[in-house]
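Participant: Encoded as C-alpha cells, here's the structure I'll be asking about.
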Amino acid sequence: MIFEKNQNITIATLGSHSALDVCRGAKDEGFKTLVIAQRGREKTYDKYFKTNGNMGCVDECIVLDKFADILRDDIQNELKKRNAIFVPNRSFEVYINDYDAIEKKFSAPMFGNKKLLRIEERGFKPNQYDLLDAAKIRYPLQFNNPEIIDRLCIVKVYSGIERAFFVIMNYKEYKNKSETRLKNGEFTEEELQKAVIEEFVIGVHVNFIFFYSPINNRLELLGTDMRRQTNHEGIYKLDNDYREAIRERYVRIKYEEAGHVAVTVLESMLEQAFELGERFVEASREFVSSGVVGPFALQSIIIPGSPKKDIVVIDVSPRMPGSPGISSTPYSSYLFGKPVSVGRRVAMEIKDAVNLNRLKEILT
Numbered sequence: 002m003i004f005e006k007n008q009n010i011t012i013a014t015l016g017s018h019s020a021l022d023v024c025r026g027a028k029d030e031g032f033k034t035l036v037i038a039q040r041g042r043e044k045t046y047d048k049y050f051k052t053n054g055n056m057g058c059v060d061e062c063i064v065l066d067k068f069a070d071i072l073r074d075d076i077q078n079e080l081k082k083r084n085a086i087f088v089p090n091r092s093f094e095v096y097i098n099d100y101d102a103i104e105k106k107f108s109a110p111m112f113g114n115k116k117l118l119r120i121e122e123r124g125f126k127p128n129q130y131d132l133l134d135a136a137k138i139r140y141p142l143q144f145n146n147p148e149i150i151d152r153l154c155i156v157k158v159y160s161g162i163e164r165a166f167f168v169i170m171n172y173k174e175y176k177n178k179s180e181t182r183l184k185n186g187e188f189t190e191e192e193l194q195k196a197v198i199e200e201f202v203i204g205v206h207v208n209f210i211f212f213y214s215p216i217n218n219r220l221e222l223l224g225t226d227m228r229r230q231t232n233h234e235g236i237y238k239l240d241n242d243y244r245e246a247i248r249e250r251y252v253r254i255k256y257e258e259a260g261h262v263a264v265t266v267l268e269s270m271l272e273q274a275f276e277l278g279e280r281f282v283e284a285s286r287e288f289v290s291s292g293v294v295g296p297f298a299l300q301s302i303i304i305p306g307s308p309k310k311d312i313v314v315i316d317v318s319p320r321m322p323g324s325p326g327i328s329s330t331p332y333s334s335y336l337f338g339k340p341v342s343v344g345r346r347v348a349m350e351i352k353d354a355v356n357l358n359r360l361k362e363i364l365t
C-alpha cells in the first residue's frame, strides 16, 4: 500500500509491551492512534489512557478474544481501511508465535523490517548469533555439550512467554537443576534441548537502544537502560547467608521482566557502542534485504578489560524495545534538543517518509 501526503494515517500497535509509548509518540507528531487489545487486558487502552480532549493517547481500541486474531482477514482489512501503519513489539511476536504467518498473513503495512523479527529467536537459523558473528560483535561463550561446562553459566530455556533460566557451575548442577525443573513442569524436555547454555558474564547490564533511519541514513542512540526482573532482583539484595538459604530452599530464581531503569554510560564508552551498532546495521543487510529499519536494542554487559572496558552483547531486540523510560536518559536530547521516546522517533520517521514520498523504504 502506498500512502499519499494528504491521507489520514493511523499508527497502530498491539496492546502490550510498549503500546503506550508508540501511541504517545504518534499523537505528539499529529497521527491518530489505534491499539489492538485482548479481552481482559483492554482497560489500560480503552479506559485509563484513552484519548479524552487533551488527555490520553489511545484514540481507538479494537478488542479481540485473543491477540493472534489480529491475523484474521477482517482485522487486517480494518487496519487497511484506517490507513494504519502497524508498529510491532515483542508481545506481537510472542502471542502470534508464528513468524511465517507474520511475514505472509499480516498484509497491512508494518513499520520496520518484519523479515528480521525472527532472528530474535535462538531456535531459528539464521538467528541473532549468526548476525552477531557476521557483525564481529562479541557475545558470551556457548557450550553445546553440558558435560564440558567448566565455569559459571546460564541456561536460557524459553518456556512459553516466560523465561525459565537457571545458573550452574558444572554438569552435575546442570543435571540436578534441569531434572528438578522438568519434574516441576517449569519447562519441557523439548524446550530444554533447545536451550542455549552460555557463560554467565559478570559486569554491568546496559541495553543500548538504537534507531537506524533509512530516511536520514543515520544511526542514533536514543537511550540506555537496564532490566528489573522478579524475583531475581529481590533475592540478590539480601545478605549472602539469607540469599543462599532462600535460593536453595524456598524460591526458584525467576528472570521475568517487571520493568526497566534508565541508566547512563561513560562518554568514553559511546564510540565503542556506536561501532557495534553500525556493524550490526551493516551485517543485517547480509541477512535480509534492506536490513534494520527503525529501533533495535543491543542488550549488553559492560565488563572490565585491558586497556579498556569491553561490551558483550547478551541479547538482540530487532524491534520496539519495552523500555519507554529511556527518554529520561540524555542521549536523544543531545541529538534533538529535547527528550524523544522511541515511540515518538518512530512517528517522526514516518512523518518524514510521508513528506518525502519515501514510505516504501521504511515499511514491509
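First residue of the sequence shown: 2, per the numbering used here; consecutive thereafter. Every residue, glycine too, gets a C-beta built ideally from N, C-alpha and C.
1) Does the stretch 32 to 46 come close enough to the stretch 16 to 24 to have 3 or more Cβ pairs within less than 8 Å?
2) Which value, in whole angstroms, describes the spacing of the CA atoms of Glu79 and Ala85?
3) Using only alpha-carbon positions, find the residue among Arg280, Gly306, Val341 that is nearest to Lys137.
4) Have a look at Ile312, Gly306, Leu277, Lys309 and flag the residue whose alpha-carbon is nearest the alpha-carbon of Phe297.
5) Just curious, the beta strand (DSSP E) that Leu65 is in, first and last residue?
6) For Asn7, which three-state DSSP category applies?
7) Strictly by DSSP, which residues pair up with Leu220?
8) Is Ile12 helix, strand or coil by DSSP?
9) Classify Glu192 as helix, strand or coil using the three-state DSSP reduction.
10) With Asp316 as the anchor, note down where its alpha helix (DSSP H) starts and where it stops.
11) Using three-state DSSP, classify Thr365 as helix, strand or coil.
12) Can you list, in chain order, the residues of its chain with a C-beta nearer than 6 Å to that of Asp47? Leave out the 5 residues immediately preceding and following it.
13) Excluding the 5 residues flanking Gln39 on each side, which residues of the same chain have their C-beta closer than 7 Å to its C-beta?
14) Closest to Lys28 by CA distance: which of Ala348, Ile363, Val355, Ile150 is it?
15) Going by DSSP, which residues form a beta bridge with Phe167?
16) Are the stretch 101 to 110 and the stretch 285 to 293 touching by the rule of at least three beta carbon pairs closer than 8 Å?
17) In whole angstroms, what separates the C-alpha of Pro322 from that of Ala109?
18) Which word fits Asn7, buried or exposed, when buried means at least 16 other C-beta atoms lie within 10 angstroms of its C-beta?
19) In three-state terms, what does DSSP make of Lys51?
20) What three-state label does DSSP hand Val36 in the structure shown?
21) Here's a check: name, in chain order, each residue in its chain whose Cβ is nearer than 7 Å to the Cβ of Asp60, leaving out the five neighbours to either side.
22) Return yes when the Cβ of Lys157 is within less than 7 Å of the Cβ of Val197, no when it is not.
23) Which residue or residues does DSSP assign as beta-bridge partners of Met227?
24) By Cβ distance below 7 Å, which residues in the same chain neighbour Lys178 in space, the five residues on each side in sequence not counted?
25) Helix, strand or coil: how does DSSP classify Val95 here?
26) Around the C-beta of Pro308, are 16 or more other C-beta atoms found within 10 angstroms, so that it is buried, or is it exposed?
Facilitator: Working from what's here:
1) yes
2) 9 Å
3) Arg280
4) Leu277
5) 61 to 65
6) Reliability of the predicted coordinates at Asn7 is poor, the pLDDT of 46 falling under 50, and the value obtained from them is presented with this limitation in mind. Asn7: coil per DSSP, three-state reduction.
7) Tyr213
8) strand
9) helix
10) Unbroken run through Asp316 is the beta strand (DSSP E), 311 to 318; no alpha helix (DSSP H).
11) coil
12) Cys62
13) Gly16, Leu65, Lys67, Phe68
14) Ala348
15) Val156
16) no
17) 21 Å
18) For Asn7, the predicted structure reports a pLDDT of 46, less than 50, and the residue's modelled location is therefore unreliable. The matter cannot be settled from this model.
19) strand
20) strand
21) Lys33, Thr34, Leu35, Thr52
22) yes
23) Val262
24) Phe167, Ile169
25) helix
26) exposed
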